[in-house]
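Taking it in order: structure first as structure tokens, then the write-up.
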Amino acid sequence: MTEAPRERVPAEPVRIAVPGETSLPCWHVTARVIAGAADASPGAFVAHFDAARLGTCLFVRRRRTGDRFRPLGMSGEKKLQDFMVDARIPAAHRDEVPIVCSESQIAWVVGWRIDDRMKVSPDTRAVLRLEFSPE
72 MTEAPRERVP AEPVRIAVPG ETSLPCWHVT ARVIAGAADA SPGAFVAHFD AARLGTCLFV
132 RRRRTGDRFR PLGMSGEKKL QDFMVDARIP AAHRDEVPIV CSESQIAWVV GWRIDDRMKV
192 SPDTRAVLRL EFSPE
């Protein structure tokens, strides 16, 4: 009997412990709050956010039809599907890209881009650092 393949990204939202650690089928997520400023873009699987703008009620999930966000550096929203096509993410891998979201909007397309509204700014007092590590 063969074992069913593990789901890389949960179809249903999984709450991220903020601050804390969260284990997913293929990822380990670490969330820390840092006082003061930090690098705006430390790496593909590490992201810094303005903690006050993002909040602490965060989830990770798979993409959904109709998802939209405002990619860092853009002034308007873009369909997640269009972003993935433009970023040349292969169609077969798009459901494997973790999506971090608050209760109302996408905050990060993990490995690709954060939402511009959540970025660290000169007014940021506390930074939320999220790190995704493969398991």
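Read in the working numbering, the sequence shown has 141 at position 70, and its numbers run on one by one without any break.
Ideal Cβ placement from N, Cα and C applies to all residues, glycine included.
* Count the other CB atoms within 10 Å of the CB of P195; is the residue buried (16 or more) or exposed (fewer)? -> Here the sequence assigns Thr to residue 195, which means Pro is not the residue at that position. Its Cβ being crowded by 16 or more others within 10 Å, T195 is buried.
* How would you call C128, buried or exposed, if buried means at least 16 neighbouring beta carbons within 10 angstroms? -> exposed
* When DSSP labels each residue in this structure, what does D157 get in the three-state scheme? -> helix
* Going by the CB atoms, is the gap between E202 and V80 shorter than 8 Å? -> no
* In whole angstroms, what is the alpha-carbon distance linking A88 and R159? -> 31 Å
* Helix, strand or coil: which one does DSSP assign to R103? -> strand
* When the Cα atoms are used, what is the spatial distance from D121 to I170? -> 17 Å
* **Close beta carbons around D138, own chain, < 8 Å, minus the five adjacent residues each side** => K150, L151, Q152, I170 and I177
* Asked: Taking C-alpha atoms, which residue in R165, E174 and G126 lies nearest to V180?
  -> R165
* **Contact check, H119 vs V198, beta carbons under 8 Å** => yes
* Asked: Hey, how far is the Cα of A162 from the Cα of V156?
  -> 8 Å
* Asked: So E92 packs on V104, CB below 8 Å; how close in whole Å?
  -> Actually they are not in contact, since the Cβ atoms of E92 and V104 sit about 14 Å apart, beyond 8 Å.
* With DSSP collapsed to three states, give me the class of D138. => coil
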